[in-house]
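First the structure, in the form of structure tokens, and then the observations on it.
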Amino acid sequence: MIEVTRFNGGVFLLNSDQIETVEATPDTVITLTNGHRYVVKESPEEVLRRVAAFRRGLQGLPFDSVPPGH
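Shown next as structure tokens:
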């Protein structure tokens, strides 16, 4: 799960396995596989970074490790 911020300042955890798309419209809109949409303060790049860090953590790698070339 990743932490994201609603525009009203509320923070919540989002199941990153359910993310279908992340768009900048210009606000960042995350659409889940069930059709639910969330507008968040984080940029699409930041959402991607958080998902990647979460998945690295699941594999036992440090959350702050970055693969070569990224």
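Using our numbering, read the sequence shown as starting at 29 and increasing by one per residue. Idealized CB from N, CA, C, for every residue including glycine.
Cα-Cα separation, residue i to residue j
i	j	result
THR56	PHE35	10 Å
GLY37	GLY88	31 Å
LEU86	GLU74	19 Å
VAL79	ASN62	18 Å
Contact set for residue i: own chain, Cβ-Cβ below 8 Å, skip 5 residues either direction
i	result
LEU76	VAL50
ALA52	SER71 and PRO72
SER44	MET29, ILE30, ARG78, VAL79, PHE82 and ARG83
Nearest candidate by alpha-carbon position, reference residue i, set the options
i	options	result
PRO54	GLY63, LEU42 and VAL67	VAL67
VAL39	LYS69, ASN62 and THR61	LYS69
LEU42	ARG65, MET29, ARG78 and ALA81	MET29
ASP65	ARG78, GLY85 and ILE47	Correcting the residue identity first, residue 65 is Arg in this sequence and not Asp. For ARG65, the nearest C-alpha among the options comes from ILE47.
6 Å CB neighbourhood of residue i in its chain, flanking five on each side removed
i	result
VAL32	LEU42, VAL68 and GLU70
(request) Mind listing, in chain order, the continuous beta strand (DSSP E) runs of no fewer than 3 residues lying wholly within the region 46–91? (result) 47–52, 56–60 and 65–68
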